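Numbering (the numbering used here), first residue to last: 198 to 308.
Built from N, CA and C at the ideal position, the CB exists for glycine as well.
Since the structure is predicted, the reported quantities are computational estimates derived from the model, not experimental observations.
Shown next, in the form of structure tokens:
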């Protein structure tokens, strides 16, 4: 089991919904909890990686969410190779980087 900081000073992924589009790409709707403190310390992105750590997609976040916690943002058109059946979603903040809770997502692919 991977260890992580439970402190909300680190970005915590609290939920992920993954849906496959007709063209085979994926949309990830990701919820994140973090102790945003204005521009000095906020969640500035989340990513989808394979189990080896290769980035498949990234959602940049452009501003703090001090008064919206947890918050959910989506990113579509993420291409996941057909042989990959599980991915990890993790979030980062501009002060501590990655290190909070991640979520492993099993992908149910349409045929």
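Supposed contact pair residue j and residue i - C-beta distance, whole angstroms, cut 8 Å
| i | j | result |
| --- | --- | --- |
| residue 270 | residue 227 | 6 Å |
| residue 301 | residue 242 | Actually they do not touch by this definition, with Cβ atoms about 19 Å apart. |
Which of helix, strand or coil DSSP assigns to residue i
| i | result |
| --- | --- |
| residue 301 | strand |
| residue 258 | coil |
| residue 292 | coil |
| residue 286 | strand |
| residue 222 | coil |
Burial state of residue i, where buried means 16 or more other Cβ atoms lie within 10 Å
| i | result |
| --- | --- |
| residue 236 | exposed |
| residue 249 | exposed |
| residue 225 | buried |
Residue nearest to residue i in terms of C-alpha spacing, selected from the options
| i | options | result |
| --- | --- | --- |
| residue 285 | 212, 219 and 266 | 212 |
| residue 273 | 210, 209 and 223 | 223 |
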